Amino acid sequence: MAERDVWILGASMTAFRRYPDKDLIDLGSEAAVDAMRDGGVSIHDMDVLGAGNLSEAASGVGQRLQKQIGQTGIPVYNVANACATGATALRCVIMSIASGEAEMGLAVGLEKMGKMGLLGASARSDKKVFTPAGRYGAVMSVEGRVGTTLMPGVFAQAGMEYAGANEGVGFEQFAKVAEKNHAHSTLNPLAQYQKQFSLDEVMNSEMMAYPNTLLMCCPTGDGAAAMVLVSEERLKTLSDDQRSRAVKISASVMTSDPWTDSDQVQPDVNTLTRNAAKKAYEQSGVDPQDLDLVELHDCFATAELLHYDNLGLCAPGEAGKFIDERGPWRDGTIPVNVSGGLISKGHPLGATGIANLYEVATHLRGEAGARQIEGATVGLTHVIGLGSACVVHVLEKATV
Amino acid sequence: MAKQIPIVDYLVLDDGTPHLVANESEESGALYFDRRNADAKSGEDGFCRRRLADTGVVRTFTIVHRAAPGVTVPYVSAVVDLDGGGVVKANILNVAADPDYVEVGMRVSLTTFIVGTDDEGTEAVAFAYEPIEGN
Chain A
9 MAERDVWILG
19 ASMTAFRRYP
29 DKDLIDLGSE
39 AAVDAMRDGG
49 VSIHDMDVLG
59 AGNLSEAASG
69 VGQRLQKQIG
79 QTGIPVYNVA
89 NACATGATAL
99 RCVIMSIASG
109 EAEMGLAVGL
119 EKMGKMGLLG
129 ASARSDKKVF
139 TPAGRYGAVM
149 SVEGRVGTTL
159 MPGVFAQAGM
169 EYAGANEGVG
179 FEQFAKVAEK
189 NHAHSTLNPL
199 AQYQKQFSLD
209 EVMNSEMMAY
219 PNTLLMCCPT
229 GDGAAAMVLV
239 SEERLKTLSD
249 DQRSRAVKIS
259 ASVMTSDPWT
269 DSDQVQPDVN
279 TLTRNAAKKA
289 YEQSGVDPQD
299 LDLVELHDCF
309 ATAELLHYDN
319 LGLCAPGEAG
329 KFIDERGPWR
339 DGTIPVNVSG
349 GLISKGHPLG
359 ATGIANLYEV
369 ATHLRGEAGA
379 RQIEGATVGL
389 THVIGLGSAC
399 VVHVLEKATV
Chain B
-1 MAKQIPIVDY
9 LVLDDGTPHL
19 VANESEESGA
29 LYFDRRNADA
39 KSGEDGFCRR
49 RLADTGVVRT
59 FTIVHRAAPG
69 VTVPYVSAVV
79 DLDGGGVVKA
89 NILNVAADPD
99 YVEVGMRVSL
109 TTFIVGTDDE
119 GTEAVAFAYE
129 PIEGN
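Residue numbers (our numbering), protein chains in the order written: chain A, 9 to 408; chain B, -1 to 133.
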């Protein structure tokens, strides 16, 4: 990928839950310490720390974390990049190692959201005297009055645009995505919810923003994920056990939105994903059909369906057919979100972009227990933060 | 008649019939509803004002059932491709908030409605779209 290959040495995540008795740093510490234990190393081996968090982003989260897991004076990068925050923290560490500035580093994504309800729904109160403000000269909140920009509606509109342009895509196909991910989550003890629902139950749960029902929307929650990354050179000096469990990062790509004629009113989640995927496949030499599993950003069921097409997991325009034929089920042609995905595993924003790598790496190590995809050797992770940022990683089981 | 003010400044109420305007990049022709420092498409500065068409086609939509506090549900939110250029997001009025009655490709036209009144009696006017009869 870059000047120097980078490997995953240790990986961990907390179960995604609501943790009323733990604070943000408790969760981050738990994942960080466990990732270092998993890699057989300590904080004294780390040359760099990347810390990804949104809810307390201005508070020096990485330094607060150091005070609980070890203050060794290494550089700390605190990053916030919407739902791609964790993956961005990871990339800070990858870039530090690839550039030769560091040999080993720790990336932590951590978030404590609690039960927030609709993100962005706390619209500002209307003014007593209408006064134009901001770049649009708005006199009051426009949410719900001039369309919707809340997440369920934004992703519903993204899905309906695809449905309008492609045959065989509708409410039922979107609902099948959630049916699958809830079913997958029953095998994942780290998932926030582990309950199976029938297609009828998914389609008849409370409608949030058509076609996304409640069971097609990810929950808010708390959790953390962490990874220890290492240069290939340093990895070669480590023990047989450490080397045999290490996972190669064959591609690491980040993109943002190129201009489109509609992105000022409706985020375009497709173009930057397609751009990132294309580059990741080129960087890794991996073809989509080579993938043994994919963890992609299913914040809403409509989003997952789009990304089958965006990531090349199905033929162009055939995402509906792909889910109808059970292609992304764990026993399908390319298993997608065998963790349960954001819809059921949960989506603590800052943790998500590392938790998805944890899932794929765990399968490549053959350590995923009941949900193991047998014989998995190559996987892809994808995350999107609206605004937008997209990060795609390709991971491979390899020897060094 | 009460004093009126548009909910956003790209809705023009005081120059003929209500209509939308956009800032058009002199370099690329890209259209923006908000104030821009430079054109996100070309990177160049320099803008002029352009009146947008009152009619267009629904590119996509959703029907919102759970919304921000104070917003009446269900309602239809849509992205509309305007005739002659420009893409806008707004509610669709005068149609059942039911997927059987709204569809991608539906032709719509601009309409306005009073969305609130402030303590001085000024009415805020919002814009939306409604189906063109004969769809």
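Glycine included, each C-beta is placed from N, C-alpha and C at the ideal position. Given the structure is predicted, the values throughout are model-derived calculations rather than measurements.
Roughly how many whole angstroms lie between the Cα atoms of residue i and residue j?
i                   : j                  : result
lysine 405/A        : arginine 99/A      : 20 Å
serine 26/B         : arginine 153/A     : 30 Å
phenylalanine 163/A : isoleucine 392/A   : 12 Å
glutamine 71/A      : alanine 65/A       : 12 Å
glutamate 101/B     : glycine 68/A       : 48 Å
aspartate 7/B       : glutamate 382/A    : 58 Å
asparagine 61/A     : serine 75/B        : 31 Å
glutamate 95/A      : aspartate 53/A     : Rather than glutamate, the amino acid found at residue 95/A in this sequence is alanine. Whole-angstrom Cα-Cα distance: 22 Å.
methionine 223/A    : glycine 48/A       : Note that residue 223/A is leucine in the sequence shown, not methionine. Taking the straight line joining both Cα atoms gives about 39 Å.
valine 84/A         : glycine 108/A      : 16 Å
cysteine 226/A      : alanine 186/A      : 10 Å
histidine 206/B     : glutamate 38/A     : Chain B is shown from -1 up to 133; residue 206/B falls before or after that span and cannot be answered.
isoleucine 130/B    : valine 55/B        : 10 Å
alanine 10/A        : valine 116/A       : Interpretation of alanine 10/A is limited by its pLDDT of 48, a score under 50 that renders its predicted location unreliable; the figure taken from the coordinates is listed afterwards. Computed Cα separation, rounded: 22 Å.
aspartate 117/B     : leucine 9/B        : 22 Å
alanine 95/B        : threonine 58/B     : 14 Å
aspartate 249/A     : glutamate 326/A    : 43 Å
tyrosine 27/A       : glycine 84/B       : 46 Å
arginine 12/A       : alanine 233/A      : 24 Å
proline 72/B        : arginine 49/B      : 31 Å
valine 238/A        : threonine 80/A     : 18 Å
alanine 410/A       : serine 270/A       : Since the first residue shown for chain A is 9 and the last is 408, residue 410/A is missing from the structure and cannot be characterised.
alanine 106/A       : glutamate 241/A    : 11 Å
arginine 33/B       : proline 324/A      : 37 Å
tryptophan 267/A    : glycine 78/A       : 43 Å
glycine 114/B       : phenylalanine 45/B : 32 Å
leucine 280/A       : methionine 104/B   : 28 Å
serine 252/A        : arginine 373/A     : 8 Å
serine 213/A        : aspartate 300/A    : 32 Å
Rounded to whole angstroms, how far is the Cβ of residue i from the Cβ of residue j, which I believe are closer than 8 Å?
i             : j               : result
valine 302/A  : valine 344/A    : 5 Å
valine 408/A  : lysine 244/A    : 6 Å
glycine 167/A : threonine 310/A : 3 Å
glycine 14/B  : alanine 51/B    : Wrong, their Cβ atoms sit about 14 Å apart, outside the cutoff.
valine 86/B   : arginine 47/B   : Their Cβ separation, rounded to whole angstroms, is 16 Å, which puts valine 86/B and arginine 47/B out of contact at 8 Å.
If you reduce the DSSP assignment to three classes, tell me which class residue i lands in.
i                : result
methionine 216/A : strand
isoleucine 51/A  : helix
valine 368/A     : helix
methionine 121/A : coil
methionine 112/A : strand
alanine 40/A     : helix
alanine 412/A    : Since the first residue shown for chain A is 9 and the last is 408, residue 412/A is missing from the structure and cannot be characterised.
isoleucine 112/B : strand
alanine 124/B    : strand
alanine 10/A     : Note on alanine 10/A: pLDDT 48, under 50, position unreliable in the model; no value is reported.
isoleucine 90/B  : strand
glutamate 64/A   : coil
aspartate 18/A   : Residue 18/A is actually glycine in this sequence, not aspartate. Strand, per DSSP.
glycine 387/A    : strand
alanine 92/A     : coil
cysteine 398/A   : strand
lysine 75/A      : helix
Are the CB atoms of residue i and residue j nearer to each other than 8 Å?
i                  : j                : result
phenylalanine 31/B : glutamine 272/A  : yes
glycine 348/A      : asparagine 189/A : yes
valine 56/A        : valine 101/A     : yes
leucine 313/A      : isoleucine 342/A : no
valine 402/A       : alanine 92/A     : no
alanine 19/A       : threonine 263/A  : no
valine 106/B       : valine 77/B      : no
threonine 389/A    : leucine 365/A    : yes
valine 368/A       : leucine 17/A     : no
arginine 113/A     : leucine 73/A     : According to the sequence displayed, residue 113/A carries glycine and not arginine. No, they are not a contact pair.
leucine 158/A      : alanine 66/B     : yes
cysteine 322/A     : glycine 335/A    : yes
glutamate 209/A    : alanine 359/A    : no
isoleucine 257/A   : tryptophan 15/A  : yes
glycine 155/A      : alanine 88/B     : yes
leucine 195/A      : arginine 379/A   : yes
Establish whether the CB of residue i and some CB of chain C are separated by less than 8 Å.
i               : result
isoleucine 61/B : Checking the listed chains, one finds no chain C in this structure; the protein chains it contains are A and B.
May I ask whether a heavy atom of the ligand MG can be found less than 7 Å away from the beta carbon of residue i?
i              : result
tyrosine 127/B : Judged by which ligands are present, the structure shown has none, so any question about the ligand MG falls away.
Q. Are the region 49 to 69 of chain B and the region 214 to 233 of chain A touching, with three or more C-beta to C-beta distances below 8 Å?
A. At 8 Å Cβ cutoff, the stretches touch.
Q: May I ask you to verify whether the region 195 to 202 of chain A touches the region 350 to 365 of chain A, counting CB pairs closer than 8 Å and requiring at least 3?
A: Between the region 195 to 202 of chain A and the region 350 to 365 of chain A, the count of C-beta pairs closer than 8 Å reaches three or more; the two stretches touch.
Q: Inspect the CB distances between the region 283 to 296 of chain A and the region 136 to 149 of chain A and report whether three or more fall short of 8 Å.
A: Output reads no: the region 136 to 149 of chain A does not touch the region 283 to 296 of chain A.
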